[in-house]
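**Student:** Input: one structure, supplied below.
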Amino acid sequence: MSLVPTLASRNLFHDRLRFVATLVGIVFSVVLVMIQMGLFLGFGRMVTTMIDHASADLWVLPKGAKCFEDPSLLDAKLRDKVASVDGVASVVPLVIGFSDWRLESGELTPIFVVGADLRDGSLRPWNVVEGDVRALSQNGAVVVDRSYYDRLGVSKIGSTAEIRGRRVKVVALTDGIRSFTTTPYVFVDLKNARTYTGTFPDRASDLLVRLKPDADRDTVLKAVRAQVGEHEVLTTDEFRSRSRSFWLFGTGAGAALFAGALLGVIVGTVIVAQTLYSSTKDHLSEFATLRAMGSSNAYIYRVIIYQALLNAIIGFIIATAIGAVVVEVTAKSALPIVITPWLIAALFVLTVVMCVASAIGAIVRVVRIDPATVFMR
């Protein structure tokens, strides 16, 4: 049985203070990268939350629409043209736009109105924790997220306010439907949405198209595009990708998060590299002893790499536990951190690669040790 694992672990754990210092550097680096990437992923998910929860196979959009929140309008009469296409099951108009919410105190706050035909279920509130969404069909009924209690002056079901001078009443509350722009989403009925956003009856923001189960999506897509003229028709995946690209790379907020994630990876890599390199150099006397005892370079290489793997695995486990706590703490924040399984896998690979590469970098120093130095101490 090889003594490499035993020797590596004893060499590593012998000086516990040095071992802890090494782990702190690794854990800090991994957590830094994890949080920065988690913020980036969280932002990417938030900017497409409405698209993700809409029951639509195709989206008919005004020409040049960059994202879901684009307030551009199209002719609602296109609905009949699109509905006539073979393979289309339903076409639902969506009306969205910014408006003003007046609290009972008289204070005004901006909101983003989302209105659809609730009978169709194309885009309706989700994560409802209190109240009944079906009550949205009532005149003046609205649904808001409870994370905006203070912002909207809402405290319970039945709370009232005004939107563009019209009295509204909260009939249901959701949990976790937050806007990345910090402007609260307010769900209303389609007719009320036109009133609150000043949209004419013959206009709509988007058309949500659902296909029949046996329809060929590509064939229907081409046919719908032929019917809508200059307007755009995108699949849900295409619209999601466009919205995410716009907010992540076409705006300052997304660019800052991307730069932060990239910087986090670079800084984390440098810290781990320096930490592991210094740790290996601190054990030069032990490696000199091995060489004096006749150990080959290959044997010493295996010991060093095994130590690096131990550092990587232990440090990663601790960092992942800390990351899970951070995710839980930020779950209700304006920008929650999202950590996915593939991110965990990628970070584990990155941690192992960084640790092993740093250890290999120190090997050059180790193999140059004169075994005689062990007798000079």
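Count the sequence shown with our numbering and you get residues 4 to 380, in order. Idealized CB from N, CA, C, for every residue including glycine. A quick note: this is a predicted structure, and the numbers were derived from the prediction, not measured.
#1: On the CB-based measure, 16 or more other CB atoms within 10 Å of its CB, does Trp104 come out buried or exposed?
#2: Hey, Asp192 and Gly118 are a contact pair by Cβ (cut 8 angstroms); roughly how many whole angstroms apart?
#3: In terms of alpha-carbon separation, which member of Trp129, Ser208 and Leu338 lies closest to Ala66?
#4: Got a sec, what are the start and stop residues for the alpha helix (DSSP H) Thr222 sits in?
#5: Hey, Pro128 and Phe190 are a contact pair by Cβ (cut 8 angstroms); roughly how many whole angstroms apart?
#6: Three-state secondary structure (DSSP) at Thr202?
#7: Quick check on Gly118: does DSSP put it in helix, strand or coil?
#8: Excluding the five sequence neighbours on either side, which residues of its own chain have a C-beta within less than 7 angstroms of the C-beta of Ser140, listed in chain order?
#9: Count the other CB atoms, across all protein chains shown, that sit within 10 Å of the CB of Gly201; report buried if there are 16 or more and exposed otherwise.
#10: Are Tyr188 and Ile166 touching if we call contact CB-CB under 9 angstroms?
#11: Answer with buried or exposed for Asp89, where buried requires no fewer than 16 other C-beta atoms within 10 angstroms of its C-beta.
#12: Please name the residue or residues paired with Ala334 in a DSSP beta bridge.
#13: Output the distance between the C-alpha atoms of Gly161 and Tyr152, rounded to the nearest integer angstrom.
#14: Identify every residue that forms a DSSP beta bridge with Tyr188.
#15: Specify the secondary structure class of Glu241 as computed by DSSP and reduced to three states.
**Tutor:** Concretely, from the data shown:
#1: Taking the first residue of the sequence shown as position 1, residue 104 is located at position 101. Buried, by the Cβ-count rule.
#2: Translated into positions along the sequence shown, residue 192 becomes position 189. Translated into positions along the sequence shown, residue 118 becomes position 115. Contact holds; Cβ gap of about 6 angstroms.
#3: Along the sequence shown, read from residue 1 onward, the residue named residue 66 stands at position 63. Here the sequence assigns Lys to residue 66, which means Ala is not the residue at that position. Closest option to Lys66, Cα to Cα, is Ser208.
#4: Taking the first residue of the sequence shown as 1, we reach residue 222 at position 219. Element bounds for Thr222: Arg220 to Val231.
#5: By 1-based counting over the sequence shown, the position of residue 128 is 125. By 1-based counting over the sequence shown, the position of residue 190 is 187. Correct: roughly 5 angstroms between the Cβ atoms.
#6: The residue labelled residue 202 in the question sits at position 199 within the sequence shown. Here Thr202 sits in coil by DSSP.
#7: Walking along the sequence shown from the start, residue 118 turns up at place 115. DSSP, reduced to helix, strand and coil, places Gly118 within a strand of the structure shown.
#8: Position 137 of the sequence shown holds residue 140. Spatial neighbours of Ser140 in its own chain (CB-CB distance under 7 angstroms, excluding positions within 5 residues in sequence) are listed in chain order as Leu121 and Asp192.
#9: In the sequence shown, the residue the question calls residue 201 occupies position 198. Per the 10 Å Cβ criterion, exposed.
#10: Taking the sequence shown and counting its residues from 1, the one referred to as residue 188 is at position 185. Taking the sequence shown and counting its residues from 1, the one referred to as residue 166 is at position 163. No, the Cβ-Cβ distance between Tyr188 and Ile166 is not below 9 angstroms.
#11: Numbered from its first residue, the sequence shown carries residue 89 at position 86. Under this definition Asp89 is an exposed residue.
#12: Here residue 334 refers to the residue found at position 331 when the sequence shown is read from its first residue. Answer is none; Ala334 lacks a bridge partner.
#13: For the purposes of this step, residue 161 is taken as residue 158 along the sequence shown, with counting starting at 1. For the purposes of this step, residue 152 is taken as residue 149 along the sequence shown, with counting starting at 1. Cα to Cα, Gly161 sits roughly 13 angstroms from Tyr152.
#14: Within the sequence shown, numbered from 1, the residue matching residue 188 stands at position 185. According to DSSP, residue pairing for Tyr188 in a beta bridge involves Phe115.
#15: Walking along the sequence shown from the start, residue 241 turns up at place 238. DSSP places Glu241 in helix when its eight states are reduced to three.
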